[in-house]
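**Student:** Below is the structure I would like to discuss, written out as structure tokens.
4 protein chains.
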Amino acid sequence: MAENGQRKLRLGMVGGGQDAFIGYVHRIASRIDGDYELMAGALSSRPDVARSSAANLGIAEERSYTDYAEMAKAEAAREDGIDAVAIVTPNHVHFGPAKAFLEAGIHVICDKPLTSKLEDALALADVKPQNGAKFLLTHNYTGYPLVRQARQMIADGKLGTLRVVQVEYPQDWLTEEVHNKQADWRTDPERSGAGGCIGDIGTHAYNLARFMTGLELDRLSADLTSFVPGRQLDDNVHIMMRFKGGAKGMLWASQVAPGNENGPSIRIYGDKGGIEWQQIEPNKMWFCPFGQPRQLMTRGGATPIGADAPAGAEIRIPPGHPEGYLEAFARLYADFAEVIRSGKDNALLPSMADGVEGMKFIVAAVTSSNNDGQWTSL
Amino acid sequence: MAENGQRKLRLGMVGGGQDAFIGYVHRIASRIDGDYELMAGALSSRPDVARSSAANLGIAEERSYTDYAEMAKAEAAREDGIDAVAIVTPNHVHFGPAKAFLEAGIHVICDKPLTSKLEDALALADVKPQNGAKFLLTHNYTGYPLVRQARQMIADGKLGTLRVVQVEYPQDWLTEEVHNKQADWRTDPERSGAGGCIGDIGTHAYNLARFMTGLELDRLSADLTSFVPGRQLDDNVHIMMRFKGGAKGMLWASQVAPGNENGPSIRIYGDKGGIEWQQIEPNKMWFCPFGQPRQLMTRGGATPIGADAPAGAEIRIPPGHPEGYLEAFARLYADFAEVIRSGKDNALLPSMADGVEGMKFIVAAVTSSNNDGQWTSL
Amino acid sequence: MAENGQRKLRLGMVGGGQDAFIGYVHRIASRIDGDYELMAGALSSRPDVARSSAANLGIAEERSYTDYAEMAKAEAAREDGIDAVAIVTPNHVHFGPAKAFLEAGIHVICDKPLTSKLEDALALADVKPQNGAKFLLTHNYTGYPLVRQARQMIADGKLGTLRVVQVEYPQDWLTEEVHNKQADWRTDPERSGAGGCIGDIGTHAYNLARFMTGLELDRLSADLTSFVPGRQLDDNVHIMMRFKGGAKGMLWASQVAPGNENGPSIRIYGDKGGIEWQQIEPNKMWFCPFGQPRQLMTRGGATPIGADAPAGAEIRIPPGHPEGYLEAFARLYADFAEVIRSGKDNALLPSMADGVEGMKFIVAAVTSSNNDGQWTSL
Amino acid sequence: MAENGQRKLRLGMVGGGQDAFIGYVHRIASRIDGDYELMAGALSSRPDVARSSAANLGIAEERSYTDYAEMAKAEAAREDGIDAVAIVTPNHVHFGPAKAFLEAGIHVICDKPLTSKLEDALALADVKPQNGAKFLLTHNYTGYPLVRQARQMIADGKLGTLRVVQVEYPQDWLTEEVHNKQADWRTDPERSGAGGCIGDIGTHAYNLARFMTGLELDRLSADLTSFVPGRQLDDNVHIMMRFKGGAKGMLWASQVAPGNENGPSIRIYGDKGGIEWQQIEPNKMWFCPFGQPRQLMTRGGATPIGADAPAGAEIRIPPGHPEGYLEAFARLYADFAEVIRSGKDNALLPSMADGVEGMKFIVAAVTSSNNDGQWTSL
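In structure tokens:
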């Protein structure tokens with residue numbers, strides 16, 4: 001059983017066979033709080049890989065599939081069929097499985113971005129889930145306790161009226177031409193869609209900004225570049241943003257910034273104060289009330305706002321015992337388990353609508369960039 | 001099954017009932033890599049707490065015990081009995097269960113310090129484990145990838161001959177008199193033993209220094225203090241150390257240092273270079289070759305030593321995706337699963353001998369402090 | 001004489017009377033290396049302020065002027081006239097004095113930006129200096145040793161072909177409406193010109209980017225905002241940049257970013273590596289060769305590039321003595337001057353008794369150490 | 001005149017000839033605020049060095065001495081004799097000059113430690129200064145604004161009753177055997193006294209602890225080591241301290257800690273809070289009120305204690321301008337002095353053309369912004 005005394009939810013997985021990165025992350029995340037057990041999978045479209053991967057993970061032979069549609073149908077028919085499925089395939093194989101499982105009445109946990117094309121995203125949003133099947137998009141950075149605390153502080157007006165949002169996501173792993181399983185599909189328009197860096201990590205940055213600030217984007221002006229010779233998709237993203245209500249922002253995402261392994265960060269300023277957070281040190285956050293010294297907030301630590309941690313920012317271990325990426329990822333899984341059990345949505349969890357918004361952002365950025373930076377609405 | 005295709009090991013737990021801290025940590029650690037499943041427990045000596053805690057965790061009623069001796073006997077007798085047990089009780093209840101399970105041929109994972117009295121530790125070391133039962137002491141800070149990398153680099157001579165070791169472990173949670181489940185037994189000589197702060201966290205610091213440097217302590221001079229009025233055990237520890245071979249060191253541990261949530265850190269200097277690491281940012285480590293710029297090493301990142309990560313420093317997710325306390329804890333569980341399956345010891349894992357060394361360290365420190373800082377051998 | 005054995009240069013100043021900020025900074029800067037002595041000034045256009053400010057600074061009465069044109073003429077005519085003049089007035093009073101002194105054959109040190117209007121700048125550039133008079137614009141951030149070292153490293157190709165330049169300059173002092181001598185002219189189009197934040201600090205950021213990278217800007221796309229109600233000039237600057245040769249960049253300057261006292265910073269990435277520098281910690285700089293660990297370069301410290309510090313990056317005091325060291329040292333001298341003048345002791349100053357105490361400390365430490373750590377009184 | 005309108009004090013110097021480090025530092029310190037002018041010196045005991053050093057610094061030939069006793073006598077006799085003398089010789093040549101000048105009625109500024117032998121220190125303390133001559137020992141770290149602010153906060157009870165003091169001063173420049181002017185006398189008992197590292201930097205650390213805390217040392221237990229083969233004096237210092245009133249402390253000083261250029265730091269904890277400060281980032285200080293978030297105090301920045309900066313903690317330039325700012329500024333002045341003297345331009349100096357470029361940048365940015373972000377050339 002789960003740590004909280006509930007029945008473990010039965011989980012399936014589409015994608016995530018041997019050598020996959022994000023499927024492995026999803027599995028760890030599903031285990032941390034003990035809410036799920038992996039029972040079925042279409043781990044690869046290659047039968048041999050699917051079979052050996054499944055065997056390795058203890059999935060019964062008859063519940064190892066090579067076709068997601070068949071899996072959705074078969075699992076829906078079983079008495080002990082899976083409660084939820086995790087979709088961890090490349091972008092262009094999100095739409096099909098998500099649609100199939102939702103229509104089969106099975107809850108869906110889908111990696112981001114939602115799809116590879118905006119029209120697929122819109123079509124997916126129109127799908128009618130059977131049996132109240134729920135949907136979770138794993139914008140995992142929203143699972144960090146301090147990200148959620150910042151969201152609450154901003155909603156509570158601790159920063160006053162927001163003015164400036166500086167969000168970044170630099171990496172360096174594509175600084176040179178590189179060929180491997182991870183790099184290949186991410187730089188291939190067929191599998192990634194029209195955006196490279198913008199779709200892979202730019203959407204994370206944009207989602208983080210939206211999640212924390214609650215602001216709605218009005219228009220953007222983008223300058224996308226592909227620096228590595230021969231690369232078909234952008235590897236550096238420069239965007240200026242104008243939000244509804246007057247706030248302005250900048251977004252920088254790059255996969256060619258040497259020295260930056262993986263560096264989402266965000267700085268948000270209002271007329272009463274600022275907040276600054278960097279994923280590389282996720283257990284710390286600066287709160288800068290105007291005219292007072294900076295305060296270093298910690299995950300679960302003493303707070304300056306005279307309040308308990310906001311709902312959703314629960315921690316597993318005391319402050320000073322650093323938590324990380326996997327724990328934040330697991331927070332989404334744990335919260336979604338609660339959604340599944342209770343049938344009640346959780347506004348903190350990235351949704352289908354967030355996924356559609358992310359696809360619109362990619363399309364707007366590519367369009368603006370193709371039009372010499374013209375300010376473009378979503 | 002485990003992520004690696006092996007049968008999950010059946011785990012039992014002694015202690016760790018409702019409101020326990022470290023038992024919860026052990027359970028998460030046991031789940032992260034999928035190597036264990038919790039099947040039995042003596043979660044509390046209070047029958048009602050034991051029962052409800054077990055029910056909550058999905059432990060079958062007949063495998064919920066209130067007495068560890070009975071549990072050891074019963075589980076050893078079952079066909080599907082537990083492979084290993086985690087002992088997560090206060091210090092004075094380590095010796096009994098550890099002895100019982102080892103003698104019942106069941107592998108033991110025991111929290112630190114080994115026991116509350118040195119004589120118990122020595123007696124435990126004399127126990128003859130049945131059926132090759134293995135023993136793991138959870139000095140969890142040794143599970144951090146960069147701690148293991150540092151150990152390897154030092155063993156490889158990257159720092160030259162070691163000279164100075166500065167190790168610290170400040171906390172602040174006992175700055176004022178406090179009463180709760182965690183604080184009460186830690187400040188009670190009956191349950192903790194003769195050392196307070198020295199036993200609770202000083203041993204972690206000492207173990208970290210030994211693990212990383214490979215040095216053997218020759219003598220120490222200690223000054224232990226109990227600052228909070230009425231507190232029976234030390235809450236601040238100052239120790240000077242002389243290692244065999246000539247290196248010197250200082251150890252500071254404190255539970256009354258406001259602003260320090262939980263701050264193990266270590267700095268090691270030799271005649272060719274230095275290494276500095278802080279647990280609060282466990283994914284970073286400074287390597288300071290003498291006469292060259294400081295290099296910021298990252299967990300799994302590019303290394304300056306022209307070598308792959310050393311054995312035991314494997315990471316789960318790429319650099320830039322921070323890992324933390326739970327992942328380091330889980331590393332010990334995963335490595336111990338491999339020890340159990342293979343029957344082969346792993347020199348990186350804290351052992352019974354390390355536990356005895358830790359107890360000798362506590363006794364020597366208390367003795368030296370009681371003798372006005374006299375240099376005292378272990 | 002100057003530290004280097006040369007005659008001190010005679011310096012004049014236009015602006016910089018009582019309550020001025022930047023004039024005071026220029027005077028300190030002129031004294032540090034002993035190269036200049038202040039001999040004349042038109043410190044204010046208000047005669048009484050000019051007179052009392054000059055008297056205070058030891059400027060002879062006949063060399064205190066209220067009109068810069070008169071000053072230029074008079075000083076040029078003197079045998080012992082000033083060699084150089086520092087112009088430290090608001091932007092709209094740069095053009096006039098700069099022209100006057102250059103045409104009088106007197107060297108000019110002028111604060112930035114050059115003028116308040118582009119046409120003035122172009123006109124000034126057309127002025128023919130007499131007697132080979134030289135001109136210096138005080139973009140002071142280019143004077144940091146590590147900024148100069150970065151420039152040299154980039155010129156030497158250490159970063160390869162440049163791709164991305166992220167430069168920032170956030171402040172927070174104009175977060176709210178504020179009225180004082182500094183704020184008033186900076187937010188007044190008559191005195192500042194058409195740019196507010198862009199002229200006051202955006203130009204510093206842009207100059208820093210050009211200085212370090214050597215890149216030439218091709219085109220920019222800007223979004224300037226005035227967030228504080230009623231403010232006439234921009235207080236936040238968002239700019240995307242395209243450099244000749246293909247590099248891209250972003251520039252953010254803001255005076256409404258709470259928590260940022262004064263934060264110029266720059267990050268530069270090429271296809272071989274990156275460099276990152278922040279003014280708030282000017283003695284450190286990250287050098288990130290692609291595929292290797294980050295290296296922390298220090299002012300005057302060991303370098304990874306196998307070279308001496310480049311020309312112009314000379315340091316006055318060794319690495320590890322942050323440049324604040326000199327100011328702290330000077331604080332003792334200044335306080336002691338006050339003691340000498342007033343005859344009153346200052347309890348903050350280290351005394352003879354402190355010196356005796358220090359000697360006792362040394363003796364006690366040596367004695368204790370020689371006695372195997374015996375606790376020893378002073 | 002000085003910046004404050006007072007007559008400049010006439011300064012003499014004993015020691016500080018060519019190649020000296022600390023004499024140069026004293027001269028810069030004496031110039032920054034304009035309070036002193038160097039008029040006389042016994043800069044070296046070697047006549048040729050004394051003469052050429054003096055000439056270089058503009059000291060009149062008749063006021064360049066080779067014997068400090070003669071200098072004291074001669075200067076005391078002059079109408080325009082020096083007001084104060086700076087003694088910047090090795091430790092064993094502090095006593096003689098200090099005594100001579102105090103007895104000649106001339107104020108003394110003396111480098112630390114006071115003397116090379118305790119008996120000299122005691123004898124010096126017994127000297128009767130003539131004409132009210134004052135004495136200053138340059139424990140320069142006490143001059144940092146935040147160090148003084150901490151002292152005041154502690155005196156005001158912001159930390160409550162003090163308990164623990166952790167003070168350090170690591171360096172690495174003596175990691176290997178080294179021979180040069182600086183190293184030779186510091187490692188020679190004849191010139192340094194009985195202490196090596198303890199006297200050179202350990203006293204700084206001890207003084208810093210006393211200055212900030214106001215605590216009086218009761219007893220200490222020390223372990224001094226000389227790690228480098230053949231070195232006669234200690235190069236590593238480990239000390240445990242017991243202060244009057246019950247506080248405890250540790251002091252670590254080392255000159256063999258690779259990676260530490262020059263790192264005084266101090267952490268002070270009481271029953272209400274803590275303060276942490278590191279010299280390497282002197283413009284920042286942590287204030288940790290127990291049970292609240294850490295606050296990052298800055299030099300001259302917003303304070304959490306509802307008070308103006310304490311007396312003596314005055315700053316010259318606003319927060320956010322690290323004190324290195326002045327040195328960087330001064331670099332431009334120094335380089336420009338060279339341009340003036342030589343008539344040769346320096347490509348590193350910001351020019352008229354840079355100023356025009358800056359104005360074009362402002363105009364382009366304003367234009368682009370007014371045209372909805374249109375890409376605009378300069």
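Protein chains in written order, with the working numbering: chain A, 1 to 378; chain B, 1 to 378; chain C, 1 to 378; chain D, 1 to 378.
For every residue, glycine included, the Cβ atom is placed at its ideal position computed from N, Cα and C.
#1: In terms of alpha-carbon separation, which member of C/Val256, C/Met297 and C/Leu136 lies closest to D/Tyr333?
#2: With C-beta atoms as the reference, is D/Met212 less than 8 Å away from D/Ile266?
#3: Is the stretch 206 to 225 of chain D touching the stretch 235 to 243 of chain D, taking contact as three or more C-beta pairs under 8 Å?
#4: Run through DSSP, which three-state label would D/His238 get?
#5: Assuming D/Leu11 contacts D/Ala84 (C-beta within less than 8 Å), just tell me the rounded distance between them.
#6: Are the C-beta of C/Phe227 and some C-beta of chain A separated by less than 8 Å?
#7: With 9 Å as the limit, tell me which residues of the stretch 267 to 280 of chain B have their beta carbon closer than that to any beta carbon of chain D; keep them in chain order.
#8: Roughly how far, in whole angstroms, is the beta-carbon of D/Gly263 from the beta-carbon of D/Glu176, given that I think they are within contact range, below 8 Å?
#9: Apart from the five residues just before and just after A/Met359, which ones in its own chain have a Cβ nearer than 7 Å to its Cβ?
#10: Given D/Gly58, which residues of its chain have a CB within under 7 Å of its CB, disregarding the five upstream and five downstream residues?
#11: Could you tell me which of B/Val93, B/Ala60 and B/Arg163 sits nearest to B/Ser192, measuring between CA atoms?
#12: If you check the beta carbons only, do D/Gly274 and B/Ala257 fall under 8 Å apart?
#13: Any idea what DSSP makes of A/Gly358, helix, strand or coil?
#14: Could you spell out the range, first to last residue, of the beta strand (DSSP E) harbouring C/Ser265?
#15: Cα-Cα, which of C/Val366, C/Asp67 and C/Ala209 is closest to C/Ile154?
#16: Is there a C-beta anywhere in chain A that falls below 8 Å from the one on C/Gln182?
#17: Express the C-alpha separation of B/Thr376 and B/Thr161 in angstroms, rounding to a whole number.
#18: Would A/Met131 be called buried (16 or more neighbouring beta carbons within 10 Å of its own) or exposed?
#19: Would you kindly work out how many angstroms separate the C-alpha atoms of B/Arg186 and B/Pro47, rounded to a whole number?
#20: Between the stretch 24 to 44 of chain A and chain B, which residues of the former have CB atoms less than 8 Å from a CB of the latter, in chain order?
#21: In chain order, what residues of the same chain lie with their CB nearer than 7 Å to the CB of B/Gly306, ignoring the 5 residues before and after it?
#22: Please list, in chain order, the residues of the stretch 224 to 252 of chain C that have any C-beta partner in chain A closer than 7 Å.
#23: At a CB-CB cut-off below 7 Å, which residues of chain D make contact with B/Ser254?
#24: Closest by CA to D/Asn140, which one among D/Cys110, D/Ala20, D/Asp126 and D/Asp188?
#25: Is DSSP giving C/Thr298 helix, strand or coil here?
#26: Return the chain-ordered ranges of every alpha helix (DSSP H) run that is complete within the stretch 122 to 208 of chain A and spans a minimum of 4 residues.
#27: Find out if the Cβ-Cβ distance for the pair A/Gly249, A/Val165 is shorter than 8 Å.
#28: Closer than 8 Å, CB to CB, is A/Arg219 near chain C or not?
#29: So, does the CB of C/Trp173 fall closer than 8 Å to a CB anywhere in chain B?
#30: Is it buried or exposed, B/Asp126, if we count other Cβ atoms within 10 angstroms and call 16 or more buried?
#31: Any Cβ of chain A within less than 8 Å of the Cβ of B/Gly263?
#32: Can you check whether the C-beta of C/Phe361 is within less than 8 Å of a C-beta belonging to chain D?
#33: Please confirm if C/Arg299 has its CB atom under 8 Å from at least one CB of chain B.
#34: Rounded to the nearest angstrom, what separates A/Met39 and A/Ala54 at their Cα positions?
#35: Smallest Cα separation from A/Val49: which of A/Gly143, A/Gly16, A/Asp80 and A/Ala29?
**Tutor:** Reading from the atomic positions:
#1: The shortest C-alpha separation from D/Tyr333 is found at C/Leu136.
#2: Closer than 8 Å, so yes.
#3: Counting Cβ pairs under 8 Å, three or more are found: they touch.
#4: Here D/His238 sits in strand by DSSP.
#5: Confirmed, about 6 Å.
#6: With respect to chain A, the C-beta atom of C/Phe227 has a partner C-beta closer than 8 Å.
#7: Taking 9 Å as the Cβ-Cβ cut-off, the stretch 267 to 280 of chain B approaches chain D at Arg267, Tyr269, Gly270, Asp271, Lys272, Gly273, Gly274, Ile275 and Glu276, given in chain order.
#8: Wrong, their Cβ atoms sit about 19 Å apart, outside the cutoff.
#9: Excluding positions up to five away in sequence, the list reads Pro113, Leu114, Thr115, Leu118 and Ala121.
#10: Cβ contact annotation for D/Gly58 (same chain, cutoff 7 Å, sequence separation greater than five): none.
#11: The residue with the shortest Cα to Cα distance from B/Ser192 is B/Val93.
#12: Result yes, Cβ atoms of D/Gly274 and B/Ala257 sit closer than 8 Å.
#13: A/Gly358: helix per DSSP, three-state reduction.
#14: Counting along the chain, the beta strand (DSSP E) containing C/Ser265 begins and ends at Ser265 to Gly270.
#15: The shortest C-alpha separation from C/Ile154 is found at C/Ala209.
#16: No, because no Cβ of chain A sits closer than 8 Å to the Cβ of C/Gln182.
#17: Going by the C-alpha atoms only, they are around 24 Å apart.
#18: Note on residue identity: the sequence assigns Asn, not Met, to residue 131 of chain A. By the 16-neighbour rule on beta-carbons within 10 angstroms, A/Asn131 is exposed.
#19: Taking the straight line joining both Cα atoms gives about 23 Å.
#20: Hits within the stretch, in order: Tyr24, Val25, Arg27, Ile28, Arg31, Ile32, Asp33 and Gly34.
#21: With a pLDDT of 43 at B/Gly306, under the threshold of 50, the predicted position of this residue should be treated as unreliable, though the coordinate-derived value follows. Excluding positions up to five away in sequence, the list is empty.
#22: Listed in sequence order: Thr225, Phe227, Asn236, His238, Met240, Lys248, Met250 and Trp252.
#23: Per Cβ cutoff of 7 Å: Val164.
#24: Residue D/Cys110 is the option with its Cα nearest to D/Asn140.
#25: Of the three classes helix, strand and coil, the one that applies to C/Thr298 here is strand, per DSSP.
#26: Counting only runs of 4 or more, we get 145 to 155, 181 to 186 and 189 to 192.
#27: In this structure, A/Val165 lies closer than 8 Å to A/Gly249 by Cβ.
#28: False, the Cβ-Cβ gap to chain C never drops below 8 Å.
#29: Closer than 8 Å: no.
#30: B/Asp126 should be labelled exposed.
#31: With a threshold of 8 Å between beta carbons, B/Gly263 makes contact with chain A.
#32: For C/Phe361, the closest Cβ of chain D is nearer than 8 Å.
#33: Not one chain B Cβ lies under 8 Å of C/Arg299.
#34: One C-alpha to the other measures close to 9 Å.
#35: Minimum Cα-Cα distance from A/Val49 among the listed residues A/Gly143, A/Gly16, A/Asp80 and A/Ala29 corresponds to A/Gly16.
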